[in-house]
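Chains as they are written, first to last, in this note's numbering: chain L, 2 to 122; chain Z, 73 to 454.
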């Protein structure tokens, strides 16, 4: 299992041909108190960089873009029911959705933990 | 094009160092580097203000003394009535009133507070409009009045149910003050002007203090365990829940008092048939609308779901209509309601409470119900 990161502050946990996607702890501290999360529908095919989810704080709405292409196979209903999970456990319980990876070569452009740490330093 | 605001061009309030020391996240606002939130975050800051007390730095706002050259406050009041549709003459000593500067089209140049300080009027205007407001006053009232911008004073707001008790601990006896009472009075030994008013819907106070004493006063207030510093983020969500207009968003030069649902703020004496009817810019249009109604109206909007509807969202009469009927002028999440809240303009036939309209959010039409404001009952001490 590998965890990769995007420059837009999303994380991807890669298990076989499935990627679990969420936003990073750094992102949630920047957003502040999350009050609303909207996730893509299961079965939707996402193109890389397409707006896939929405996360809103009291003040502002932010899009979450698909870091790689693929079909949405599972979404986390717990995070839409309790958006504050994003603030309390961004890297864990507050995962957003899982996609079936369409093209593994797209993973090559993503950062590992050390590179992401440098990106947010 | 607007000039890009950089850190070097942004102005600082007298509390700037205090904001940084308390870990505020700073943003540019009306030309000032201002705290949008502190470590607690917008949600906690909002809820703390409603349950205890919050301290806001509103020193970016303009404070102006308006004095009649005759020395008589009533002459200053008569003069100011040339620029606002409110009855200023009737504002008793140590009382204040909400007012608006109007333009020739009946639109609003700014909204403001006007206080009677016995021998002169004290005005508090919006930060983004204060330069224009000062020029407007000078252009129209200089023959009869002197206009002094009180640049050497900071302005703090202490809001929430514990505000009165917090001030009492600093030796300010404000218990006898009622909502919209105002006047000079010492706080912690400093030469302050205190009004029982605010922008949150809560009981509370606005305190004008010499800039040199502002940090000392703010520190004393923040030393009280009931007081948290509150940023602009929660200031916005608090005033939105209270149904209060934000200038430049809910009201501007294109909105009239009747359209903005501010009829309550125009007293009978200035309306058609009143003792001093008209005589302010845009009076013909404003007074006709007050008699006959306007074609559109600012309303409160509540969503059925959890998705916040933000400023700028277009409003539609139904789920499929092609043409918008209006738009959202303020919108977000109301922490005390734990639900989205918004305000916007709709055609008057659709302005009745309970009417369903639709907002377009990310390509989807979300139903909104026209709702009474304030969304959260206010707790003013009347």
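The beta-carbon is built from N, C-alpha and C at its ideal position, and this holds for glycine as well.
When CB distances to chain L are screened at a threshold of 7 Å, the residues of the segment 298-310 of chain Z falling below it are 305, 309, in chain order. A straight-line Cα-Cα distance of about 19 Å links residue 218 of chain Z and residue 352 of chain Z. Among the residues of chain L, none has a CB under 9 Å from the CB of residue 260 of chain Z; the nearest is roughly 32 Å distant. Of the candidates Z:424, Z:128, Z:311, the residue whose Cα lies closest to the Cα of residue 404 of chain Z is Z:311. By a beta-carbon distance limit of 8 Å, residue 183 of chain Z does not contact residue 271 of chain Z. Their separation comes to about 11 Å. For the pair residue 88 of chain L and residue 34 of chain L, the CB atoms are nearer than the 8 Å cut-off. Residue 367 of chain Z and residue 40 of chain L have their C-alpha atoms some 39 Å from each other. As summarised for the segment 41-83 of chain L, the continuous alpha helix (DSSP H) elements at least 4 residues long and confined to that stretch are 78-82, given in chain order.
Against chain L, the CB of residue 437 of chain Z has no partner CB under 8 Å away; the residue lies outside that interface. Taking 8 Å as the CB threshold, residue 71 of chain L stays off the interface with chain Z. At a Cβ-Cβ threshold of 8 Å, residue 278 of chain Z and residue 240 of chain Z do not count as neighbours. Around residue 115 of chain Z, the beta-carbon contacts reaching into chain L at under 8 Å are 33, 34, 36, 59. With distances taken between CA atoms, residue 372 of chain Z lies nearest to Z:414 out of Z:335, Z:414, Z:378, Z:357.
Taking a C-beta distance under 8 Å as the contact criterion, residue 68 of chain L and residue 38 of chain L do not qualify as a contact pair. The beta carbon of residue 62 of chain L sits closer than 8 Å to some beta carbon of chain Z. Against chain Z, the CB of residue 39 of chain L has a partner CB under 8 Å away; the residue lies at that interface. Around residue 121 of chain L, the same chain offers 27 as residues with beta carbons nearer than 7 Å, after the five sequence neighbours per side are excluded.
Taking a beta-carbon distance threshold of 8 Å, residue 55 of chain L counts as an interface residue toward chain Z.
Not flagged as an interface residue toward chain L: residue 372 of chain Z, since no C-beta distance is shorter than 8 Å. Taking a beta-carbon distance threshold of 8 Å, residue 405 of chain Z counts as an interface residue toward chain L. Note on geometry: alpha-carbon atoms of residue 313 of chain Z and residue 31 of chain L lie some 24 Å from one another. For residue 31 of chain L, there is no enclosing beta strand (DSSP E); the enclosing alpha helix (DSSP H) has its first and last residue at 26-32. Taken atom to atom, the span from the alpha-carbon of residue 86 of chain Z to that of residue 200 of chain Z is near 18 Å. In the three-state DSSP reduction, residue 331 of chain Z falls in the coil class, being neither helix nor strand. Put simply, the backbone Cα of residue 121 of chain Z is about 43 Å away from that of residue 49 of chain L. One thing to note: residue 429 of chain Z has its Cβ no nearer than 8 Å to the Cβ of residue 400 of chain Z.
Taking C-beta separations shorter than 7 Å and ignoring five residues to either side along the sequence, the partners of residue 260 of chain Z in its chain run 242, 243, 289, 292, following chain order. Per DSSP, reduced to three states, the secondary structure at residue 153 of chain Z is coil, with no helix or strand assignment. For residue 148 of chain Z, the closest C-alpha among the options Z:345, Z:83, Z:220, Z:180 is that of Z:220. Setting aside the 5 residues that flank it on each side, residue 89 of chain Z is surrounded in the same chain by 287, each with a C-beta closer than 8 Å to its C-beta; the list follows chain order. Our two residues, residue 43 of chain L and residue 93 of chain Z, have alpha carbons roughly 47 Å apart in a direct line. Here residue 427 of chain Z carries a coil assignment [DSSP, helix/strand/coil]. Using beta-carbon distances, residue 375 of chain Z does not count as an interface residue toward chain L, since no partner is under 8 Å.
Within chain L, the residues placing a beta-carbon under 8 Å from that of residue 380 of chain Z are 36, 37, 57, 62, ordered along the chain.
Judged by their CB atoms, residue 154 of chain Z and residue 212 of chain Z are nearer to each other than the 8 Å cut-off.
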